[in-house]
Each structure stands twice: as C-alpha cells, then as structure tokens.
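Undergrad: One structure, pasted below without further comment.
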Amino acid sequence: MSNHTKSVEVTPESIWNCIVDRLERELPRQTFLTWFKPLEAVSFDGRRLTLRVPSRFYYDWIEGHYSQNVRDAADETVGGHIDIAYVVEPNRRSPISLEESTAATIINKKSSRKDYTDSRLNPRYTFDSFVEGDCNRFARAAALAIAESPGMTPYNPLLIYGGAGLGKTHLIQAIGNLVTEKSSNSRVLYVTSEQFTSDFVEAIRSGRSESFSRLYRTVDVLLLDDVHFFMAKNKTQEEFFHTFNALHHTGKQLVFSSDCPPRELDGFDKRLVSRLQWGLVAELLTPDFETRLAILERLSEMERVALPGEVAQLIATHIKDNVRTLRSALIHILAQSSLLNRKISVELARKAIKGLVKNPLQGVSIERIQEITAEELGITGDLIRSKTRKKAVSEARQIAIYLCTEMTKSTLKAIGLQFGGRNHATVIHSRNLVKEKMKKDGKFAETIEDLKRRIEITSI
Ligand code: ADP
Ligand code: MG
Numbered sequence: 002m003s004n005h006t007k008s009v010e011v012t013p014e015s016i017w018n019c020i021v022d023r024l025e026r027e028l029p030r031q032t033f034l035t036w037f038k039p040l041e042a043v044s045f046d047g048r049r050l051t052l053r054v055p056s057r058f059y060y061d062w063i064e065g066h067y068s069q070n071v072r073d074a075a076d077e078t079v080g081g082h083i084d085i086a087y088v089v090e091p092n093r094r095s096p097i098s099l100e101e102s103t104a105a106t107i108i109n110k111k112s113s114r115k116d117y118t119d120s121r122l123n124p125r126y127t128f129d130s131f132v133e134g135d136c137n138r139f140a141r142a143a144a145l146a147i148a149e150s151p152g153m154t155p156y157n158p159l160l161i162y163g164g165a166g167l168g169k170t171h172l173i174q175a176i177g178n179l180v181t182e183k184s185s186n187s188r189v190l191y192v193t194s195e196q197f198t199s200d201f202v203e204a205i206r207s208g209r210s211e212s213f214s215r216l217y218r219t220v221d222v223l224l225l226d227d228v229h230f231f232m233a234k235n236k237t238q239e240e241f242f243h244t245f246n247a248l249h250h251t252g253k254q255l256v257f258s259s260d261c262p263p264r265e266l267d268g269f270d271k272r273l274v275s276r277l278q279w280g281l282v283a284e285l286l287t288p289d290f291e292t293r294l295a296i297l298e299r300l301s302e303m304e305r306v307a308l309p310g311e312v313a314q315l316i317a318t319h320i321k322d323n324v325r326t327l328r329s330a331l332i333h334i335l336a337q338s339s340l341l342n343r344k345i346s347v348e349l350a351r352k353a354i355k356g357l358v359k360n361p362l363q364g365v366s367i368e369r370i371q372e373i374t375a376e377e378l379g380i381t382g383d384l385i386r387s388k389t390r391k392k393a394v395s396e397a398r399q400i401a402i403y404l405c406t407e408m409t410k411s412t413l414k415a416i417g418l419q420f421g422g423r424n425h426a427t428v429i430h431s432r433n434l435v436k437e438k439m440k441k442d443g444k445f446a447e448t449i450e451d452l453k454r455r456i457e458i459t460s461i
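Shown next, in the form of structure tokens:
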C-alpha cells in the first residue's frame with residue numbers, strides 16, 4: 002500500500018468528531034448541545050476545516066462567544082494550526098418541538114438512511130465497525146443475539162455497563178441499526194437518559210405527559226443510554242418504571258447502558274434496580290494490548306489508511322484507558338500527517354499523541370535503554386550496570402552504551418557513570434566496537450535496529 006510513503010487523507014468528520022469530543026468535555030452540557038451538536042463538518046483540506054452551521058444566527062453566536070474554544074480545540078486536536086471556516090446552510094436539524102423530536106428518533110428502514118441526521122442513531126455504530134476482543138466478546142454476543150431476535154431471547158432487558166469510552170453507546174446503537182436494517186417495521190427508539198429526563202420534564206411543563214408516556218410505549222425496541230443519569234431523579238425514575246413495565250409486559254425489547262453495575266446505582270428506586278437485572282448484565286472491560294492493536298488496525302482500515310505496525314504498537318503501548326482515546330490518538334496522527342504533509346512514522350506519531358498519554362516517560366532515558374536491552378538479550382538491567390566482564394554481559398553492555406550515545410543527549414561522562422562508573426574512553430570504545438560490527442554483520446545490524454525501534458516505541 003502506498004500510504005507508507007505518502008501522507009494520508011483524513012475525513013472531515015473524523016477530525017470534527019475529535020474536536021467535538023474536546024468541546025463536549027470543556028463546555029457546559031447545554032451549551033454544547035445547543036450550539037455544537039447541530040454542526041457538521043463538510044470538508045478538510047489539511048489546513049482548513051469547513052463546518053456547516055444551520056443558520057446565520059448560529060454563525061454569529063458561535064463566532065461571538067465560542068470562536069476561541071473552537072480554535073483551541075481544533076489546534077489541540079491536530080497538534081498544529083488549522084483554519085476554521087463556516088458555511089451557512091439552512092438545515093436538516095433545525096430546532097424541533099418535543100413531539101417531533103422524540104418521534105424523529107423512532108426510525109425505520111425507510112427513513113433511517115436519508116434522515117439519520119434527524120434521528121439519534123448514528124449509522125457509524127454498527128456491529129461491523131465494532132471490533133471484537135476478550136474485553137467485549139460477551140457483551141457483543143448478547144447484543145447481537147438481541148438484535149437478531151428482539152424480545153425473543155432471555156436477555157430482556159440487556160444491561161451493558163463499563164467505563165467511559167469503552168463502547169457502550171456504540172454497541173447499543175449497533176442493536177438499533179441492525180434491527181432497523183432487518184425489519185423495516187420495527188420501531189426502534191434510542192434515547193439517552195438525559196434526553197429522556199429533559200423530554201419528560203418538558204412534557205410535564207407543557208401539560209403533555211400523557212402523549213409522552215404513550216409515545217414511549219409504542220416502541221418495539223427501547224435503547225436507553227447512560228441510565229446512571231437517573232440517579233436521584235425520583236419523578237423520572239417513576240415514569241421510567243412504568244414505561245419499563247408496560248414494554249416488558251408486552252414482550253418488547255429493552256436495552257440499557259450504565260457506567261457501573263446495577264448494584265452500585267445509588268439513589269435508585271430498588272424496584273427499578275431489580276428490574277434492570279431481570280435479564281442479562283454484561284460488562285465491557287478495558288481492552289488489553291492485543292485488542293488495542295486489533296482496534297487500531299480496524300479503525301485505520303475504516304479510515305482507509307495503512308498504519309505502520311510500529312506506529313500501532315506505539316499507540317497501543319501508551320494509550321491504555323479506552324477505545325475513545327485510541328481513536329483520538331489515531332485521528333491526531335492522521336491529522337498531523339495530513340497537515341504537515343509527512344508520512345506516518347513513529348517519530349510523527351510520538352509527537353502527535355504526547356498530549357494524550359498519562360504520565361509520559363520523558364524521552365529516551367539511559368535506564369530505559371539498559372532495561373530494554375537487557376530484557377531483549379536475556380539478562381538483567383543490574384548486570385548491564387555492573388562491573389562484570391562476562392562475555393554475554395559485556396556485549397550487551399556495549400550495545401546499550403552504543404544506543405545511549407545514539408538515542409540520548411547525555412554526555413559520554415554521564416553515560417559512563419550509569420554503566421558502573423566507567424570513563425568516557427570506555428564509552429567511546431564500546432560505541433566504536435558496535436558500529437564496526439554493524440557494518441560487517443548485517444544480521445547484527447538488524448538486531449540493533451530492532452532494538453532501537455523497541456526502545457522508541459516504549460518511550461514517548
Ligand atoms: P461509551 O458510550 O462507553 O462511553 P462509545 O460507544 O461512545 O463509548 O465509544 C467511544 C468511541 O470508541 C466511539 O467512537 C466508538 O465507535 C469507539 N469504540 C468503542 N469500542 C469500540 C470497539 N470495540 N470497536 C470499534 N470502535 C469502538
Ligand atoms: Mg456513551
């Protein structure tokens with residue numbers, strides 16, 4: 002694939018999604034929902050991201066109040082400067098009344114394709130794009146079983162729980178997408194608990210709580226995201242309790258997500274907690290290294306980019322918390338490559354993801370080289386630092402010294418000191434020995450290069 006040598010294209014949506022993630026974290030919830038949720042990315046040419054705003058008013062408001070937030074979030078996302086441009090295009094997503102807005106989320110096959118921007122089901126969240134690994138196999142299998150025969154499995158309700166960014170929303174929306182794809186008559190409703198709550202409050206306020214209740218009771222599959230949000234909201238819980246009963250009673254499928262297991266849902270009506278556990282409770286775990294690699298591979302496939310193996314390893318080594326950060330790391334890298342017009346390398350990737358790594362190891366240190374060299378050559382770091390002159394040890398030591406001179410900015414004296422108090426002449430001698438051997442022995446040179454790459458990947 003040619004992408005190893007060429008910079009890559011990155012889709013406007015993927016950059017915008019990352020910027021939006023950032024804005025969502027920084028801005029008050031309501032502000033975010035009102036002003037940023039309705040925007041869409043229309044193009045990105047490496048320097049300029051163009052956003053579609055629904056009206057002139059939106060544009061004025063955003064420019065007047067949040068332009069700095071958008072610019073900062075954009076620059077931080079790509080790790081460099083990009084311009085933001087807006088086009089005003091009156092809209093498919095203009096504000097809609099309660100009834101319309103709730104009704105719009107009930108979708109069927111006929112409308113799902115063209116109107117997805119009006120529904121709350123994201124067409125990207127499918128089983129196909131959900132990478133399977135040990136961390137999610139069980140939850141995924143349960144979700145798939147339900148999507149294939151909603152209401153007909155013992156898994157009713159299904160509750161999926163796990164930390165932020167682990168794929169809860171993706172998985173429960175995948176159920177919705179598959180159900181609507183298989184059966185155009187099925188009425189699927191995806192709603193966040195936050196939305197459910199505010200729709201409910203609004204319905205009461207405007208004296209339309211009956212139509213609210215009725216609407217929720219006509220669905221075949223109810224996907225309720227982030228149910229922990231109901232904590233201590235007694236009235237909403239009560240309304241929901243009745244919705245639950247009505248749907249369950251008539252064999253409709255219920256699916257929930259939560260950021261914790263049901264028993265930890267404090268401030269919840271006990272009867273509701275018990276109902277949430279009537280069916281199946283499945284946990285999403287943090288992905289292990291292999292799954293992180295698999296996810297990266299799949300994500301880059303979806304972005305139509307060939308991600309060099311070493312870069313994938315670099316990301317998977319350092320970005321451990323969840324899939325969302327893996328995704329942003331990847332997008333950062335693609336954006337940088339596109340912005341700087343450079344191919345994706347370990348070097349570029351390291352710079353791009355630095356800001357995302359928790360407790361980064363600052364640069365390549367002498368100790369790190371010692372540890373990794375020792376590990377690769379089957380001895381210990383202590384031996385490398387010792388005075389032992391055993392052949393295997395002193396060979397490993399020479400290699401580590403050579404790498405220190407190549408990969409760190411430390412002085413010869415400092416390097417010598419950390420190798421059992423040797424002087425700078427010894428350091429130079431070791432370095433030359435290794436250099437010579439690399440020239441003569443291709444296989445040895447390769448081993449050293451491999452080692453270098455491993456050290457690069459494990460340091461950020
Ligand atoms: P949560 O709802 O648990 O906070 P999301 O479902 O929003 O997490 O997932 C965060 C991001 O990570 C989304 O972009 C989603 O598509 C992606 N993602 C999560 N899990 C997976 C997975 N197993 N395979 C592919 N993408 C995933
Ligand atoms: Mg979610």
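Per my numbering, numbering through the sequence shown is continuous, rising by one, with the last residue being 461.
For glycine and all other residues, C-beta sits at the position ideal for the given N, C-alpha and C.
Check each residue's C-beta against every heavy atom of the ligand MG and list, in chain order, those closer than 7 Å.
TA: Residue list for the ligand MG: K169, T170, D226, D227, S258 (CB closer than 7 Å to any heavy atom, chain order).
Undergrad: Buried or exposed, going by whether 16 or more other CB atoms sit within 10 Å of the CB of F45?
TA: The residue labelled residue 45 in the question sits at position 44 within the sequence shown. F45 comes out buried.
Undergrad: Using 8 Å as the cut-off, classify the Cβ of G163 as near or not near the heavy atoms of the ligand ADP, replying yes or no.
TA: The residue given as residue 163 occupies position 162 in the sequence shown. True, at least one ligand heavy atom lies under 8 Å from that Cβ.
Undergrad: With a threshold of 7 Å on Cβ separation, who are the neighbours of H245 within its own chain once the five nearest residues in sequence on each side are excluded?
TA: If you number the sequence shown from 1, residue 245 lands on position 244. It should be pointed out that residue 245 corresponds to Phe in this sequence rather than to His. Result list for F245: L255, R276, in chain order.
Undergrad: Let me confirm a value: R305 is counted as buried when at least 16 other C-beta atoms fall within 10 Å, else exposed. Which label applies?
TA: Position 304 of the sequence shown, counted from the start, is the residue given in the question as residue 305. Exposed is the call here.
Undergrad: Is F131 near the ligand ADP, in the sense that its beta carbon is under 8 Å from a heavy atom of that ligand?
TA: Within the sequence shown, residue 131 is the residue found at index 130, counting from 1. Under cutoff, so the answer is yes.
Undergrad: Do three or more CB pairs link the region 159–179 to the region 318–335 at distances below 8 Å?
TA: yes
Undergrad: F420 by DSSP, collapsed to three states: which one?
TA: Taking the first residue of the sequence shown as position 1, residue 420 is located at position 419. Coil, per DSSP.
Undergrad: On the DSSP letters alone, give me the boundaries of the beta strand (DSSP E) that I161 sits inside.
TA: The count along the sequence shown starts at 1 and reaches residue 161 at position 160. Looking at the DSSP string, the run of the beta strand (DSSP E) that includes I161 is 159–162.
Undergrad: In its own chain, which residues sit with a C-beta less than 8 Å from the C-beta of A104, not counting the 5 before and 5 after it?
TA: As a working mapping, residue 104 is identified with position 103 in the sequence shown. With a pLDDT of 35 at A104, under the threshold of 50, the modelled position of this residue cannot be trusted; read the value that follows with caution. Hits under 8 Å: L216.
Undergrad: Report whether the distance from the Cβ of I83 to the nearest heavy atom of the ligand ADP is below 8 Å.
TA: The residue given as residue 83 occupies position 82 in the sequence shown. Answer for I83: no, Cβ out of range of the ligand ADP.
Undergrad: Express the C-alpha separation of I173 and V189 in angstroms, rounding to a whole number.
TA: As a first step, residue 189 must be located in the sequence shown, where it is residue number 188. As a first step, residue 173 must be located in the sequence shown, where it is residue number 172. Roughly 11 Å separates the two Cα atoms.
Undergrad: Please give the ranges of any alpha helix (DSSP H) in the region 329–389, keeping only runs that are unbroken, at least 4 residues long and fully inside the region.
TA: 347–354, 367–377, 382–386
Undergrad: Classify P1: buried if its beta carbon has 16 or more other beta carbons within 10 angstroms, exposed otherwise.
TA: Given a span of 2 to 461 for the chain in the structure shown, any question on residue 1 remains unanswerable.
Undergrad: Please look up how many angstroms separate the CB atoms of R23 and L40, rounded, as I've assumed it's under 8 Å.
TA: Taking the first residue of the sequence shown as 1, we reach residue 23 at position 22. Taking the first residue of the sequence shown as 1, we reach residue 40 at position 39. R23 to L40, Cβ: 14 Å. No contact.
Undergrad: Just to confirm, are I402 and S431 a CB contact at a threshold of 9 Å?
TA: The residue you call residue 402 lines up with position 401 of the sequence shown. The residue you call residue 431 lines up with position 430 of the sequence shown. A contact, by the Cβ cut-off of 9 Å.
Undergrad: Would you mind reading off the limits of the beta strand (DSSP E) that contains R53?
TA: By 1-based counting over the sequence shown, the position of residue 53 is 52. That run of the beta strand (DSSP E) goes 49–54.
Undergrad: Mind checking D200: buried by the 16 CB within 10 Å criterion, or exposed?
TA: By 1-based counting over the sequence shown, the position of residue 200 is 199. Its Cβ being crowded by 16 or more others within 10 Å, D200 is buried.
Undergrad: Tell me, to the nearest whole angstrom, how far the beta carbon of K234 is from that of T198; I am working on the premise that it is less than 8 Å.
TA: Your numbering for residue 234 matches position 233 in the sequence shown. Your numbering for residue 198 matches position 197 in the sequence shown. 6 Å between Cβ atoms; contact.
Undergrad: Is I456 near the ligand ADP, with its Cβ less than 8 Å from a heavy atom?
TA: Residue mapping note: residue 456 aligns to position 455 of the sequence shown, counting from 1. Because no heavy atom of the ligand ADP lies under 8 Å away, the Cβ of I456 does not count as near it: no.
Undergrad: Give me the DSSP bridge partner(s) of E41.
TA: For the purposes of this step, residue 41 is identified with residue 40 of the sequence shown, where counting begins at 1. Paired residue(s): R53.
Undergrad: Applying the 10 Å Cβ sphere with the 16-neighbour rule, what's the burial state of K253?
TA: What you label residue 253 is simply residue 252 of the sequence shown in a count that begins at 1. Classification for K253: buried.
Undergrad: May I ask you to report which of helix, strand or coil DSSP gives V11?
TA: Position 10 of the sequence shown holds residue 11. Coil, per DSSP.
Undergrad: Report yes or no: do three or more beta-carbon pairs, one from the region 439–448 and one from the region 284–304, lie closer than 8 Å?
TA: no
Undergrad: Less than 8 Å separating the Cβ of G177 from some heavy atom of the ligand ADP?
TA: Counted from its first residue, the sequence shown places residue 177 at position 176. Checking the Cβ of G177 against the ligand ADP gives no.
Undergrad: Indicate the three-state DSSP secondary structure (helix, strand or coil) for V220 in the structure shown.
TA: One-based indexing of the sequence shown puts residue 220 at position 219. Reduced to three states, the DSSP call for V220 is coil.
Undergrad: Which runs of the alpha helix (DSSP H), 4 residues or longer, sit entirely within the region 181–209?
TA: Taking only runs of at least 4 residues, the alpha helix (DSSP H) segments lying wholly in the region 181–209 are 194–206.
Undergrad: Just mark H243 as buried or exposed, buried being the case when its beta carbon has 16 or more other beta carbons within 10 Å.
TA: Locating residue 243 in the sequence shown gives position 242, where the first residue counts as 1. Looking at its Cβ environment, which holds fewer than 16 other Cβ atoms inside 10 Å, H243 is exposed.
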